[in-house]
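Residue numbers (my numbering): 798 to 920.
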Amino acid sequence: MSMSLSMGTQTPGGSTPMRFVNNGIEELPCRDTNGGLNPVGPLMKEFERRRQNFDEEAQAIVEVKSGHSPPVNPVEDLRRLKHRFESWKKDYKVRLKEAKAKAQKLVQNDSEKHRRKWWSKKK
Numbered sequence: 798m799s800m801s802l803s804m805g806t807q808t809p810g811g812s813t814p815m816r817f818v819n820n821g822i823e824e825l826p827c828r829d830t831n832g833g834l835n836p837v838g839p840l841m842k843e844f845e846r847r848r849q850n851f852d853e854e855a856q857a858i859v860e861v862k863s864g865h866s867p868p869v870n871p872v873e874d875l876r877r878l879k880h881r882f883e884s885w886k887k888d889y890k891v892r893l894k895e896a897k898a899k900a901q902k903l904v905q906n907d908s909e910k911h912r913r914k915w916w917s918k919k920k
């Protein structure tokens with residue numbers, strides 16, 4: 798699974814916020830309490846959705862093995878699920894590193910705003 802993060806389009810009036818599209822999942826960017834973009838929020842939401850999705854697929858494979866569903870090849874399904882999970886995990890790891898870098902940059906920029914030079918006067 799390759800990383801396919803792209804920006805959506807904005808309405809002509811510019812009043813609608815940009816949407817992020819990633820692997821077919823479209824969502825608005827999350828904002829933190831200070832009004833800035835929170836790079837971690839969307840990753841947490843995606844992680845929870847994907848975790849539920851993988852759990853449901855694994856449960857379906859278990860049901861097939863126990864004979865509750867029509868006959869299919871559960872070994873092949875499990876192999877495909879495992880492959881999809883591994884590729885998603887690699888993609889997610891890269892995006893976590895990017896989010897960490899963005900978060901550190903936001904913290905660094907915020908601390909630089911509040912830092913004053915010793916020679917500056919209080920207004």
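Glycine included, every Cβ here is placed at the ideal spot set by N, Cα and C.
Next on the checklist: In whole angstroms, give me the CA-to-CA distance for Lys887 and Glu845.
Outcome noted: 16 Å
Item to check | Nearest-angstrom beta carbon gap, Ala898 and Val921 [assumed within contact, 8 Å] | outcome: Residue 921 lies beyond the residue range present for the chain, which begins at 798 and ends at 920; the question has no answer from this structure.
Item to check | Close Cβ partners of Leu893 (< 8 Å) along its chain, the five nearest in sequence each way excluded | outcome: Leu840
Next on the checklist: Check whether chain C comes within 7 Å of Lys899, counting only Cβ atoms and requiring the distance to be less than that.
Outcome noted: Checking the listed chains, one finds no chain C in this structure; it contains a single protein chain.
Checklist entry - If we ignore side chains and look at the alpha-carbon of each, how far apart do Val861 and Arg877 end up? => result 15 Å
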